[in-house]
Every structure is written in structure tokens, then in C-alpha cells.
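The sequence shown maps to residues 1 to 487 in UniProt numbering.
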Amino acid sequence: MLTGPWYHLWPLMALTGYRFKPFIIFSNRHEIRRIDLNKGEFSVLVPGLRNTIALDFHLSQNTLYWTDVVEDKIYPLTSFDVVIQYGLATPEGLAVDWIAGNIYWVESNLDQIEVAKLDGTMRTTLLAGEVEHPRAIALDPRDGILFWTDWDASLPRIEAASMSGEGRKTIHKETGSGGWPNGLTVDYLERRILWIDARSDAIYSAKYDGSGLIEVLRGHEYLSHPFAVTMYGGEVYWTDWRTNTLAKANKWTGTNVTVVQRTNTQPFDLQVYHPSRQPQGEKHTHEPCSHLCLINYNQTFSCACPHLMKLGPDKRTCYESRQFLLYTRQIEIRGVDIENPYYNYIISFTVPDIDNVTVVDYDALEHRIYWSDVRTQTIKRAFINGTGVETVVSADLPNAHGLAVDWVSRNLFWTSYDANKKQINVARLDGSFKNAVIQGLDKPHCLVLHPILGLVVHTDTLTRIKMPLHLVKIKPSKFALRRSIHF
1 MLTGPWYHLW PLMALTGYRF KPFIIFSNRH EIRRIDLNKG EFSVLVPGLR
51 NTIALDFHLS QNTLYWTDVV EDKIYPLTSF DVVIQYGLAT PEGLAVDWIA
101 GNIYWVESNL DQIEVAKLDG TMRTTLLAGE VEHPRAIALD PRDGILFWTD
151 WDASLPRIEA ASMSGEGRKT IHKETGSGGW PNGLTVDYLE RRILWIDARS
201 DAIYSAKYDG SGLIEVLRGH EYLSHPFAVT MYGGEVYWTD WRTNTLAKAN
251 KWTGTNVTVV QRTNTQPFDL QVYHPSRQPQ GEKHTHEPCS HLCLINYNQT
301 FSCACPHLMK LGPDKRTCYE SRQFLLYTRQ IEIRGVDIEN PYYNYIISFT
351 VPDIDNVTVV DYDALEHRIY WSDVRTQTIK RAFINGTGVE TVVSADLPNA
401 HGLAVDWVSR NLFWTSYDAN KKQINVARLD GSFKNAVIQG LDKPHCLVLH
451 PILGLVVHTD TLTRIKMPLH LVKIKPSKFA LRRSIHF
């Protein structure tokens with residue numbers, strides 16, 4: 001995956017004796033670069049990337065993390081492993097909890113915030129519902145507080161919650177010329193947040209509760225379309241798309257605007273690598289949770305469960321539960337918590353595996369999802385953990401709007417119709433032994449099975465009659481038609 005000269009550049013090059021020299025890490029989409037804040041020199045840390053957006057790091061573990069919105073993955077720098085590689089749509093924001101050892105990210109297309117351990121395990125949905133277009137995320141693990149920006153067209157805002165997802169509240173609503181709260185960072189010394197608005201082209205600062213609002217800088221030549229922001233010492237740093245620059249200014253007054261570096265392409269996220277950007281708080285050596293421990297307010301912990309698990313009555317122990325609601329939209333398949341349908345209970349299936357999905361079904365025995373894609377004219381399947389995506393049928397699939405799994409005989413049924421074929425098809429679950437089981441229909445559409453009774457129920461549009469229902473009985477393990485009853 002990653003090769004080249006970057007590896008020897010990384011491990012704490014800034015350490016000289018007892019002095020830590022700060023440097024900037026930033027992405028210009030296809031590379032991650034390092035800039036020495038003292039000398040202004042830059043070097044390439046990671047070359048040959050596709051579309052890197054968000055960055056963060058874990059200083060004590062010498063690890064850099066980044067998101068790639070083309071590959072839809074989250075990577076660490078210190079190994080060849082991928083931290084998160086399934087079920088990502090557009091991970092635009094990323095934040096590392098350096099105290100509890102978790103990683104948080106924003107899914108702007110899925111409208112949610114997720115969390116996992118630093119190695120990608122114990123993944124779960126943290127916040128969803130009334131999240132319209134989240135973009136950036138920032139943490140202060142000392143206080144157990146999480147901040148994020150939301151581009152919601154009706155109410156652009158900045159929200160906060162505990163890092164366990166509790167106590168959610170809006171701390172700033174964009175008014176006036178604002179409306180695109182883009183980058184977000186934390187001033188750990190002052191316990192303030194700083195953010196940039198890409199509509200008003202301004203930098204703002206406020207206390208954690210939203211009070212004490214300050215307009216730091218507005219309408220400067222090098223603040224014409226800002227994307228990301230960070231800070232170090234008494235200065236705020238940001239990237240700007242229109243001028244392709246990294247710039248800095250005084251964090252209180254916005255004075256002394258200085259270009260740190262110019263780039264040939266648009267710069268995205270940036271971070272200052274220095275111990276002051278990850279101040280240490282109270283560490284809990286005895287975590288009370290069976291799976292995932294998240295920092296709460298007031299230096300306490302709350303327990304959470306990964307996908308396909310529920311928290312028990314003791315609020316500490318997770319138990320397995322595979323009951324969820326499976327549904328599909330055009331370019332997305334979700335399995336959500338029945339009790340809280342905004343929260344994903346499995347990872348989401350999105351592009352490129354999903355193009356124009358029309359119908360989905362589930363095999364509980366092998367924990368697999370099957371779906372039909374009318375644009376690619378394929379039937380695909382995958383395990384509910386996101387692995388094993390494969391095409392099982394790639395022919396006889398015009399307008400395959402009906403699909404059903406026979407979990408008794410281990411067969412797959414689907415409808416298809418065009419000028420030549422108007423039928424219901426059947427095959428083994430792996431796509432083998434494909435055959436037409438019912439032919440001579442008009443426009444078969446929906447399809448359900450009752451394998452115990454050996455019934456196929458489907459809809460068909462006949463001339464001048466809208467969607468009559470057909471009940472077809474077949475032998476549970478055979479393809480031969482026994483009887484057809486028209487309603």
C-alpha cells in the first residue's frame with residue numbers, strides 16, 4: 001500500500017535533546033506534508049494518496065491518521081494496516097482521543113458521528129438524528145467534550161456533547177452572513193473553540209459553552225475560502241482553497257497575517273504536531289466497560305457497545321443482539337437499531353459497491369445481505385461486517401426489482417423483465433444453477449417468499465390492471481411450478 005522514503009522521516013524528527021520543535025502536518029489531497037515552523041522547510045511524509053481530507057495524530061504513539069474519501073478508508077501511518085476500511089461514505093472530519101485511545105470521525109453523507117478504538121475495533125454509531133451535514137470535529141478529552149460543525153441549510157451551527165454522546169446541545173447558531181461552519185479546533189490553554197466560516201470568510205472564537213464570541217478575522221486576502229483551522233501558541237493557522245495557501249494570524253486580534261506556505265493544489269486539513277496540542281488529563285487504568293469505554297463529562301466514563309451488540313442492565317456489559325431493521329435507498333443500504341432507527345446497527349453499504357440498489361434481503365444463517373442493482377444489472381452479496389462483497393448474478397437481470405432469499409432451500413429468487421424476458425428466476429445463493437422458474441409474465445416487480453409453505457408471492461402489472469398479486473406454490477427444494485393462484 002504505502003511505500004517509499006516517507007517512513008524514515010516520521011518518528012519524532014522534531015525531538016532534539018529535551019526540546020520539542022513544533023511542525024505542521026497538512027494534506028494537499030495527494031500528499032501529506034510536514035512544515036518546520038521554525039525554518040519554514042517542508043518535506044513529504046506520505047506521497048501517492050488519492051484524496052486525503054482529514055488528519056489527526058496520537059503524539060505519544062507517534063501515529064498519524066488520515067481519511068481518504070475516494071477509497072473511503074481511514075489509515076494510520078505507522079503500519080500497513082487500514083484502521084477503518086468498510087462502510088465509509090464521506091469521512092470529512094477526524095479526531096483522536098489521546099487519553100482513552102479512541103478515534104472519532106464525521107460521516108457527512110451518512111449524517112452521523114462514529115467512534116472506534118484506535119485499531120478500528122469496537123466501532124459504533126455515537127451520534128445520529130438531527131445531524132444534517134456534519135463537517136468538522138474536535139475534542140477535549142480532559143473535559144470529555146466533543147464539538148462538531150453542521151452545514152444544515154436551515155440552521156448552520158456548532159454543537160457539543162460529551163465524548164460518550166450524552167448531553168448534546170447547540171452552542172452556536174450561525175446568523176447574518178455566516179452559514180458554512182467549516183474547520184474547527186480547540187484552544188486547550190484558554191478552553192475555547194476556534195472555527196472558520198467559508199461563507200462569510202471569517203475566523204471566530206468562543207468559550208466551550210458558546211459565550212464570549214469573538215470575530216478574529218474577516219475578509220482578508222488569504223482568508224477568501226477557508227477549509228481547515230488549527231492553532232499553536234498565540235496564533236491560529238488555516239488552509240485556504242481560493243489562494244492555495246497555509247496562513248496564520250494572531251488568535252485574538254487577527255493581526256500579523258502571514259503566509260506559511262503556498263501549494264499548487266488545494267490544501268485540506270492541517271494540524272500542529274506538538275505536546276501542547278494533546279495536553280494530558282486524568283488517566284483511568286481500570287476501565288469498567290466490557291467493550292468500549294468513552295469519556296464522559298466530569299472525568300467519568302460511559303460504556304458503549306460495538307455494532308450488533310446491546311448494553312446490559314448493568315450499563316457495563318455488552319451482549320450480542322442481531323435484531324435490526326434493514327432498508328435501502330438508491331446508493332445506500334443500512335441496518336439500523338429497531339429501538340433507535342437513526343443509529344446504524346451495522347456498517348452502511350455505499351458506493352462503489354452500491355450504485356442504484358432497488359431491493360435488499362438478508363440471510364440470517366450466514367449473516368449475509370443480498371441486493372439487486374438495476375444500473376449495473378447485478379445481484380451482489382456481502383457479510384454484515386462489510387467483508388466479502390461479491391457479485392453472484394450478472395446476467396438475466398433487466399429491471400430486477402424483486403429479490404428474496406429462500407433460507408430453507410438456500411436458493412435466491414429474483415424478478416426480471418424486458419422486451420424478451422418477463423419472468424421470475426432462481427439460483428443457488430452463490431449464483432450457480434440459474435434457471436427461470438415462472439415465465440410468461442407481464443412486468444413482475446415485488447417478490448416475497450414463504451419457504452416453509454413453499455410459496456412465492458409476487459406482483460405483476462397486466463394490461464389495464466394495476467399490480468395484481470400472484471401466489472405461486474412450489475416445492476421447497478425444487479424449481480418446478482405446482483400451482484398459481486391469481487388475486
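Ideal Cβ positions, reconstructed from N, Cα and C, are used throughout, including at glycine. Quick caveat, the model's predicted, so the values are computed rather than measured.
Buried or exposed: where does residue 129 fall if 16 or more other Cβ atoms within 10 Å of its Cβ makes it buried?
If you draw a 10 Å sphere on the C-beta of residue 129, you find fewer than 16 other C-beta atoms in it, and that means exposed.
Runs of beta strand (DSSP E) lying entirely within the region 31-66, each at least 3 residues, in chain order
If we require 3 residues or more, the beta strand (DSSP E) runs fully inside the region 31-66 come out as 32-36, 42-46 and 52-58.
Under the three-state DSSP convention, the category residue 399 falls into:
Coil at residue 399, not helix or strand.
Beta-carbon proximity check, residue 397 vs residue 377, cutoff 7 Å:
Annotated as proximal: residue 397 and residue 377, with beta-carbon spacing under 7 Å.
Buried or exposed: which applies to residue 466, given that a residue is buried once 16 or more other Cβ atoms fall within 10 Å of its Cβ?
Any answer about residue 466 is weak, because its pLDDT of 38 lies below 50 and its placement is not dependable; what the coordinates show is given next. Residue burial annotation: residue 466 is exposed, with fewer than 16 other C-beta atoms found within 10 angstroms of its C-beta.
Beta-carbon proximity list for residue 263, same chain, < 6 Å, skipping 5 on both sides:
The residues are 28 and 244.
Segments assigned alpha helix (DSSP H), at least 4 residues, entirely inside the region 263-295:
Segments of the alpha helix (DSSP H) lying fully in the region 263-295: there are none.
Which residue comes first and which comes last in the beta strand (DSSP E) that contains residue 423?
Counting along the chain, the beta strand (DSSP E) containing residue 423 begins and ends at 422-428.
So which of 50, 381, 33 and 49 has the shortest CA-CA distance to residue 43?
Selected option, being the one with the closest Cα: 33.
Does DSSP put residue 298 in a helix, a strand or coil?
Of the three classes helix, strand and coil, the one that applies to residue 298 here is helix, per DSSP.
Any idea if residue 172 is buried or exposed, counting beta-carbon neighbours within 10 angstroms, 16 or more meaning buried?
Here residue 172 is buried. Its C-beta has 16 or more other C-beta atoms within 10 Å.
Taking the alpha carbon of residue 420 as the point to measure from, which residue in 428, 124, 406 and 439 has its own alpha carbon closest?
With distances taken between Cα atoms, residue 420 lies closest to 439.
Beta strand (DSSP E) segments (min. 3 residues) lying fully within the region 192-264:
Every unbroken stretch of the beta strand (DSSP E) spanning 3 or more residues and falling wholly within the region 192-264 is given here in chain order: 192-197, 202-207, 214-218, 226-232, 235-240, 245-250 and 258-262.
Below 8 Å CB to CB, which residues in the same chain sit around residue 464 once its five sequence neighbours on both sides are set aside?
Bear in mind that a pLDDT of 35 at residue 464, under 50, signals an unreliable position, so the model cannot answer this.
Would you identify the three-state DSSP class for residue 20, choosing helix, strand or coil?
When DSSP states are grouped into helix, strand and coil, residue 20 belongs to the strand group.
Should residue 270 and residue 230 be called a contact, given that it needs their Cβ atoms to be closer than 7 Å?
Their beta carbons are under 7 Å apart, which means residue 270 touches residue 230 by this criterion.
Where do the ends of the beta strand (DSSP E) carrying residue 450 lie?
Its beta strand (DSSP E) spans residues 444-450.
For residue 277, does the count of other Cβ atoms within 10 angstroms reach 16, so buried, or fall short, so exposed?
So residue 277 counts as buried.
How far does the beta strand (DSSP E) with residue 148 in it extend, from its first residue to its last?
145-150 is the span of the beta strand (DSSP E), which, as asked, contains residue 148.
For the pair the region 120-134 and the region 81-88, tell me if three or more CB-CB distances fall below 8 Å.
Cβ pair count under 8 Å is three or more, so yes.
Using a threshold of 7 Å, state whether the C-beta atoms of residue 217 and residue 206 are closer than that.
Between residue 217 and residue 206, the gap from beta carbon to beta carbon reaches 7 Å or more.
Out of curiosity, what's the CA-to-CA distance linking residue 190 and residue 48?
Straight-line Cα distance between these residues: approximately 38 Å.
Where residue 314 falls, given that 16 or more other Cβ within 10 Å makes a residue buried
It is exposed - the Cβ of residue 314 has fewer than 16 other Cβ atoms within 10 Å.
Three or more beta-carbon pairs under 8 Å between the region 238-256 and the region 68-76, yes or no?
Output reads no: the region 68-76 does not touch the region 238-256.
From 51, 150, 144 and 370, pick the residue whose C-alpha is nearest to that of residue 101; which is it?
Measuring from the Cα of residue 101, the nearest candidate turns out to be 144.
So, with DSSP's three-state summary, where would you put residue 305?
Under the three-state reduction of DSSP, residue 305 is assigned to coil, being neither helix nor strand.
Is residue 296 near the ligand SAM, judged by its Cβ being under 6 Å from some heavy atom?
As far as ligands go, the structure on display features none, and thus does not contain the ligand SAM.
So residue 22 and residue 188 are in contact, right, with Cβ under 8 Å, and what is the actual spacing, rounded?
So it is not a contact: roughly 14 Å between Cβ atoms.
6 Å Cβ shell around residue 342 - same chain, five flanking residues per side excluded
Here the set comprises 128 and 129.
Name the two residues that bound the continuous beta strand (DSSP E) containing residue 339.
Neither: residue 339 is in no beta strand (DSSP E) and is coded neither H nor E.
At the level of alpha carbons, what is the spacing between residue 339 and residue 358?
One C-alpha to the other measures close to 25 Å.
Put residue 80 into one of helix, strand or coil per three-state DSSP.
Here residue 80 scores only 49 on pLDDT, less than 50, and its place in the model is too uncertain to base an answer on.
Taking DSSP as the reference, what is the three-state secondary structure of residue 117?
In this structure, residue 117 counts as strand in the three-state DSSP scheme.
Is residue 136 helix, strand or coil by DSSP?
In the structure shown, residue 136 sits in a strand (DSSP, three-state: E or B).
Using DSSP with H/G/I as helix, E/B as strand and the rest coil, what is residue 181?
Note: residue 181 maps to strand in three-state DSSP.
Expressed to the nearest angstrom, what Euclidean distance is found between the alpha-carbon atoms of residue 441 and residue 159?
A straight-line Cα-Cα distance of about 54 Å links residue 441 and residue 159.
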